Amino acid sequence: MLLLGTVPAGIAGAGAGGGPTASDPGSDSVGALESAAVPTATAEPSAATKTDAEAAAMAEADDILHRTIELRHLPDRPDVYEAEFTFDIPEPMSSLTVDLEDEATVRSTDGFEATDEGTYRWTGDGEAPSIRVRLPADQTETGGRVGSSRSGYSFVDTGEWGVVPVPGVGVSYRREADVSIGIEETVTVDGPGATGGDIAVFGPVTEYERTENGETVRLVVSDAADLREDPDDILEALGDASERLSIAPSDETVFVAAVPSDADWGPRGLQYGAADAWVRADAPLSEASNVWLHEYVHVHQRFANDEVATDASWLVEGGAEYHAALLAYEQGLISYSEFRDHLERGEQSPYADGVLAEPGTWSHHRTDYAKGALVYGELDRQLREATDGDRRLEDIVRRLNAQDERVTAADFLTALEEAGGKELRASAERYAHSRSTPEMWNYFEHQSTFGQSRAATASGLGGEPVTVDGQEWERWDRANLSGLSADIGAGDVLAVPAGERVTVPVALENVDDRAGTADATLQVDGDVVATERRVLEAGETATTALAWTPTKPGIYDVRVGSDRLTVYVRSTPSLTVTDLRVEPAGVDPGETVTATATVTTADSLPAAGRLAFRTASETKTGAPIALAPGETGSVAAELTFDDAGDYEISAGERTTTVSVGGIKSTVESMPGFGVAAAAVAFGLAVAVAISTVGRQRR
Numbered sequence: 011m012l013l014l015g016t017v018p019a020g021i022a023g024a025g026a027g028g029g030p031t032a033s034d035p036g037s038d039s040v041g042a043l044e045s046a047a048v049p050t051a052t053a054e055p056s057a058a059t060k061t062d063a064e065a066a067a068m069a070e071a072d073d074i075l076h077r078t079i080e081l082r083h084l085p086d087r088p089d090v091y092e093a094e095f096t097f098d099i100p101e102p103m104s105s106l107t108v109d110l111e112d113e114a115t116v117r118s119t120d121g122f123e124a125t126d127e128g129t130y131r132w133t134g135d136g137e138a139p140s141i142r143v144r145l146p147a148d149q150t151e152t153g154g155r156v157g158s159s160r161s162g163y164s165f166v167d168t169g170e171w172g173v174v175p176v177p178g179v180g181v182s183y184r185r186e187a188d189v190s191i192g193i194e195e196t197v198t199v200d201g202p203g204a205t206g207g208d209i210a211v212f213g214p215v216t217e218y219e220r221t222e223n224g225e226t227v228r229l230v231v232s233d234a235a236d237l238r239e240d241p242d243d244i245l246e247a248l249g250d251a252s253e254r255l256s257i258a259p260s261d262e263t264v265f266v267a268a269v270p271s272d273a274d275w276g277p278r279g280l281q282y283g284a285a286d287a288w289v290r291a292d293a294p295l296s297e298a299s300n301v302w303l304h305e306y307v308h309v310h311q312r313f314a315n316d317e318v319a320t321d322a323s324w325l326v327e328g329g330a331e332y333h334a335a336l337l338a339y340e341q342g343l344i345s346y347s348e349f350r351d352h353l354e355r356g357e358q359s360p361y362a363d364g365v366l367a368e369p370g371t372w373s374h375h376r377t378d379y380a381k382g383a384l385v386y387g388e389l390d391r392q393l394r395e396a397t398d399g400d401r402r403l404e405d406i407v408r409r410l411n412a413q414d415e416r417v418t419a420a421d422f423l424t425a426l427e428e429a430g431g432k433e434l435r436a437s438a439e440r441y442a443h444s445r446s447t448p449e450m451w452n453y454f455e456h457q458s459t460f461g462q463s464r465a466a467t468a469s470g471l472g473g474e475p476v477t478v479d480g481q482e483w484e485r486w487d488r489a490n491l492s493g494l495s496a497d498i499g500a501g502d503v504l505a506v507p508a509g510e511r512v513t514v515p516v517a518l519e520n521v522d523d524r525a526g527t528a529d530a531t532l533q534v535d536g537d538v539v540a541t542e543r544r545v546l547e548a549g550e551t552a553t554t555a556l557a558w559t560p561t562k563p564g565i566y567d568v569r570v571g572s573d574r575l576t577v578y579v580r581s582t583p584s585l586t587v588t589d590l591r592v593e594p595a596g597v598d599p600g601e602t603v604t605a606t607a608t609v610t611t612a613d614s615l616p617a618a619g620r621l622a623f624r625t626a627s628e629t630k631t632g633a634p635i636a637l638a639p640g641e642t643g644s645v646a647a648e649l650t651f652d653d654a655g656d657y658e659i660s661a662g663e664r665t666t667t668v669s670v671g672g673i674k675s676t677v678e679s680m681p682g683f684g685v686a687a688a689a690v691a692f693g694l695a696v697a698v699a700i701s702t703v704g705r706q707r708r
């Protein structure tokens, strides 16, 4: 048996230290605690992750663990709030253990029992086992990246209203062999309030919404808040940022809560989780330190959701502060002099005295906000100048977002050199790895460099087939799939087996009259999983292919440029074997027989998998197969038996017996694998754990 340990959920890596001052107000961003197997998805008012149609569809899938978190406000106990975790457990899962946050107090359980390790184990009873807990509502930040401390709330509940984090939970489970289990999560608020899946607001709220560039921003305003800016103006600023900012492809939904300003807040804003943030209602738009834009930038810094090496950590806040100020200037919210003055702080002591790559040398806890923003901006300016506006620092960050491993200073320097040359790398080493500080550029230099436009390029799905494990794969027009909800996903539909390499064709074109760089990007649920850049001459076209290997079942939104696919990742239990035959009827020892299984979909969703054919001595796996809802197909495998005798072959819940050295061949239809195959399946059972990991950013 293989057992992987879970990590208890909790607030991790609480952001950079030091509170805001009157002259230099701060903002914060935080990464939420969420199972790595939970894909990001569209949020509904008062609910998060899947739409109702998606949740219902995935709940019936037998390779998905569906987890619902219902949050409850307790106005008479504003120091705590409740969360109830309910699990819809798929049939291939034989055991489930839940690891709660350290500060969670269990109030009741249904279908779970406590263990000696402090976890809770599913008893096997109940169709929807659940655990109800209470958690502290008021949270302050201490510690941080530079070892200092901050007072004031990051989350708080007053009884009348509250803003709290959605609690994380670790799960470990045992499953049948050859079965992958995905996790889907839905978060709701029981009563007045709203959630984006990582942050929840308690109490009456008013919601506003705007969609730009394929991204919807939900602005949720607490009725207890006195909002300084008009909601339409806030949405316009964030929508414009979505058009201008190319750090990462747009999220499908960004959740921003405007919270009352009269609490004893630490930061002026906080980004938490995948795409949730809160901002104090009194935050203005017309300032260089624009908190609305700062937290929006954090949403798209995907590399910061994982652990960032210490020598590269300044990029998180330095980048958010720089981009927020630049966006505010480009939107006409501030003048160039305000933009210049804001970045010029980095030239001054105590900020200029620190080495960005060595936080231990910072004599002021906001060195990354001040000197970091100036250095980040100077490197952006030099990169634009070196490439005649073709490359920007946004392109470097987009590459870092696609990186699987944690980002280090070496990764950043290498990407800079490849895009802008050795001189640019030398500048980055000088300004980030020593006490050297650049001087702020003037208005004319800014207009000359930042006024350069890039060559217009376009990208989208190519005309070649999608392939799975090198095999051409069918894409279905959703309009032709009977019974599939129109609310689920967008574009053509694919079903692919979990664990198989999916290669997507990409078409690139330079539609400008000058040479330029085109970026091919494969985005899955808001995360860039693969990227490639090509320099194209005016009018030139090119093709390439980008690959992704999904490991967990679920519904995924896949984007290439403006084109989209809905990909159902399934495991073998999504296929039902209806018939199993073997040919020829009789063979001699050493000869080969072909076992052919007729398969159909096990539920109303598209199905996919690799079917295993088992004998007492070996297991052969057929080619991957995908089926539209209700469709029937076949899978075959060749088997060889060295000795005479009768041999049982099983696939799914069907078995057949082949006679070697004789003439007998029979077919049986019975539940289960058969005695020998069941023994193999039992021996291959594994225990799997999904960890909950968090990051915080300001």
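Each number in my numbering corresponds to the 1-based position in the sequence shown with 10 added. Backbone N, C-alpha and C fix where the C-beta goes; we use that ideal spot for every residue, glycine too. The structure displayed is predicted, hence computed values, not measured ones.
**Report entry** Nearest candidate by alpha-carbon position, reference residue 577, set 585, 485, 540, 528
**Finding:** For this step, residue 577 is matched to residue 567 along the sequence shown. The candidate whose alpha carbon is nearest that of residue 577 is 485.
Query raised in the report: Cα separation between residue 411 and residue 536?
Result: In the sequence shown, residue 411 corresponds to position 401, counting from 1. In the sequence shown, residue 536 corresponds to position 526, counting from 1. Spanning the two alpha carbons is a distance of roughly 10 Å.
Query raised in the report: Taking the continuous beta strand (DSSP E) assigned at residue 618, which residues delimit it?
Result: Counted from its first residue, the sequence shown places residue 618 at position 608. Taken as a continuous stretch (DSSP letters only), the beta strand (DSSP E) holding residue 618 covers 617-619.
Query raised in the report: Touching or not, the stretch 343-350 and the stretch 369-379, by the rule of three or more beta carbon pairs under 8 Å?
Result: no
Report task. For residue 277, count neighbouring Cβ atoms within 10 angstroms of its own Cβ and tell me buried if that reaches 16, exposed if not. Result -> Mapped onto the sequence shown, residue 277 falls at position 267. When all chains shown are included, residue 277 counts as buried.
Query raised in the report: Is residue 520 helix, strand or coil when you go by DSSP?
Result: As a first step, residue 520 must be located in the sequence shown, where it is residue number 510. Three-state result, residue 520: strand.
Query raised in the report: From residue 14 to residue 275, what does the alpha carbon distance come to, in whole angstroms?
Result: Numbered from its first residue, the sequence shown carries residue 14 at position 4. Numbered from its first residue, the sequence shown carries residue 275 at position 265. Bear in mind that the predicted position of residue 14 carries a pLDDT of just 31, short of 50, making it too unreliable to give a figure here.
Report task. Output yes or no for whether 8 Å exceeds the beta carbon distance between residue 186 and residue 241. Result -> Within the sequence shown, the letter at position 176 stands for residue 186. Within the sequence shown, the letter at position 231 stands for residue 241. No, Cβ-Cβ distance for residue 186 and residue 241 is not below 8 Å.
**Report entry** Range of the contiguous beta strand (DSSP E) that encloses residue 198
**Finding:** Here residue 198 refers to the residue found at position 188 when the sequence shown is read from its first residue. Where residue 198 is concerned, the enclosing beta strand (DSSP E) stretches over 192-200.
Requested in this report: Sort out for me which residues DSSP pairs residue 112 with in a bridge.
Outcome: Working through the sequence shown from its first residue, we reach residue 112 at position 102. In the DSSP output, where bridge partners are listed per residue, residue 112 has none listed.
Query - Coil, strand or helix - residue 455 by DSSP - result: Mapped onto the sequence shown, residue 455 falls at position 445. Helix at residue 455.
Query raised in the report: In this structure, what does DSSP give as the bridge partners for residue 79?
Result: The sequence position of residue 79 within the sequence shown is 69, counting from 1. Its beta-bridge partners are 95, 197.
Query raised in the report: Which class does residue 607 belong to by DSSP, given the choice of helix, strand or coil?
Result: Indexing the sequence shown from 1 puts residue 607 at position 597. Three-state result, residue 607: strand.
Query raised in the report: CB-CB under 8 Å to residue 202, same chain, minus the five flanking residues each way: which ones, in chain order?
Result: As a working mapping, residue 202 is identified with position 192 in the sequence shown. Cβ neighbours of residue 202 beyond the five flanking positions: 83, 212, 213, 214, 215.
Query - residue 432, buried or exposed, once every other Cβ within 10 Å from all chains shown has been counted against 16 - result: On the sequence shown, residue 432 is found 422 positions in, with the first residue counted as 1. Counting Cβ neighbours within 10 Å, residue 432 comes out exposed, since fewer than 16 surround it.
Report task. Assign residue 300 to buried or exposed, taking buried as 16 or more other Cβ atoms, counted over all protein chains shown, within 10 Å of its Cβ. Result -> The residue labelled residue 300 in the question sits at position 290 within the sequence shown. Residue 300 comes out buried.
Query - Cβ-based neighbour list, residue 329, same chain, cut-off 6 Å, excluding 5 preceding and 5 following - result: As a working mapping, residue 329 is identified with position 319 in the sequence shown. So the qualifying residues of the chain are 386.
Requested in this report: Return the Cβ separation of residue 647 and residue 631 in integer angstroms, given the expectation that the two are a contact with Cβ distance under 8 Å.
Outcome: Residue mapping note: residue 647 aligns to position 637 of the sequence shown, counting from 1. Residue mapping note: residue 631 aligns to position 621 of the sequence shown, counting from 1. Right, their Cβ atoms sit about 7 Å apart.
**Report entry** Start and end residues, alpha helix (DSSP H) containing residue 660
**Finding:** Numbered from its first residue, the sequence shown carries residue 660 at position 650. Premise fails: residue 660 lies in the beta strand (DSSP E), 655-661, not in any alpha helix (DSSP H).
Query raised in the report: For residue 169, which of 106, 118, 194, 87 has the nearest alpha-carbon?
Result: The residue labelled residue 169 in the question sits at position 159 within the sequence shown. Of the candidates 106, 118, 194, 87, the one whose C-alpha sits nearest the C-alpha of residue 169 is 87.
Query raised in the report: Among 444, 146, 303, which residue has its Cα nearest to the Cα of residue 333?
Result: As a working note, residue 333 is residue 323 in the sequence shown. For residue 333, the nearest C-alpha among the options comes from 303.
Query raised in the report: What's the gap between the Cα of residue 263 and the Cα of residue 253?
Result: Residue 263 sits at position 253 when you count from the first residue of the sequence shown. Residue 253 sits at position 243 when you count from the first residue of the sequence shown. Distance between the alpha carbons of residue 263 and residue 253: 15 Å.
Query raised in the report: Once you ignore the five residues that flank residue 450 on each side, which residues in its own chain have a CB closer than 6 Å to its CB?
Result: What you label residue 450 is simply residue 440 of the sequence shown in a count that begins at 1. Excluding residues within five positions, the ones whose Cβ falls inside 6 Å are 350, 353, 354.
**Report entry** Boundaries (first-last residue) of the beta strand (DSSP E) holding residue 644
**Finding:** Position 634 of the sequence shown holds residue 644. That run of the beta strand (DSSP E) goes 642-650.
Query raised in the report: Leaving out five residues before and five after residue 523 in sequence, what residues of the same chain have Cβ atoms less than 6 Å from its Cβ?
Result: For the purposes of this step, residue 523 is taken as residue 513 along the sequence shown, with counting starting at 1. Within the same chain, residue 523 has close Cβ partners 548.
Query raised in the report: What is the DSSP secondary structure of residue 307, reduced to helix, strand or coil?
Result: Position 297 of the sequence shown, counting from 1, holds the residue named residue 307. In this structure, residue 307 counts as helix in the three-state DSSP scheme.
**Report entry** Euclidean distance between Cα positions of residue 456 and residue 295
**Finding:** To locate residue 456, count along the sequence shown from 1; it is residue 446. To locate residue 295, count along the sequence shown from 1; it is residue 285. Approximately 22 Å, taken between the alpha carbons.
Query raised in the report: How about the stretch 281-291 and the stretch 230-245: do they share at least three Cβ pairs that are nearer than 8 Å?
Result: yes
Query - Inter-residue Cα distance where the pair is residue 618 and residue 95 - result: Taking the first residue of the sequence shown as 1, we reach residue 618 at position 608. Taking the first residue of the sequence shown as 1, we reach residue 95 at position 85. Roughly 29 Å separates the two Cα atoms.
Query - C-alpha gap between residue 298 and residue 406, whole angstroms - result: Sequence index remark: in the sequence shown, residue 298 carries index 288 (1-based). Sequence index remark: in the sequence shown, residue 406 carries index 396 (1-based). Rounded to whole angstroms, residue 298 to residue 406 spans 23 Å at the Cα level.
Requested in this report: Name, in chain order, the residues that DSSP records as bridge partners for residue 623.
Outcome: In the sequence shown, counting from the first residue as 1, residue 623 sits at position 613. Beta-bridge pairing links residue 623 to 630.
Query raised in the report: If you count every other CB in all the chains shown that lies within 10 Å of the CB of residue 376, and 16 or more means buried, which is it?
Result: Numbered from 1 along the sequence shown, position 366 holds the residue referred to as residue 376. Burial call: buried.
Report task. Could you tell me the distance, in whole angstroms, from the CA atom of residue 315 to the CA atom of residue 396? Result -> As a working mapping, residue 315 is identified with position 305 in the sequence shown. As a working mapping, residue 396 is identified with position 386 in the sequence shown. Straight-line Cα distance between these residues: approximately 30 Å.
Query raised in the report: From residue 90 to residue 197, what does the alpha carbon distance come to, in whole angstroms?
Result: Stepping through the sequence shown from its first residue, residue 90 is reached at position 80. Stepping through the sequence shown from its first residue, residue 197 is reached at position 187. Their Cα atoms are separated by approximately 18 Å.
Query - Where the alpha helix (DSSP H) through residue 544 begins and ends - result: Working through the sequence shown from its first residue, we reach residue 544 at position 534. That residue, residue 544, is in no alpha helix (DSSP H); its beta strand (DSSP E) goes 537-546.
Query raised in the report: At what residues does the beta strand (DSSP E) containing residue 218 begin and finish?
Result: Reading the sequence shown from its first residue, position 208 is the one you call residue 218. Where residue 218 is concerned, the enclosing beta strand (DSSP E) stretches over 215-222.
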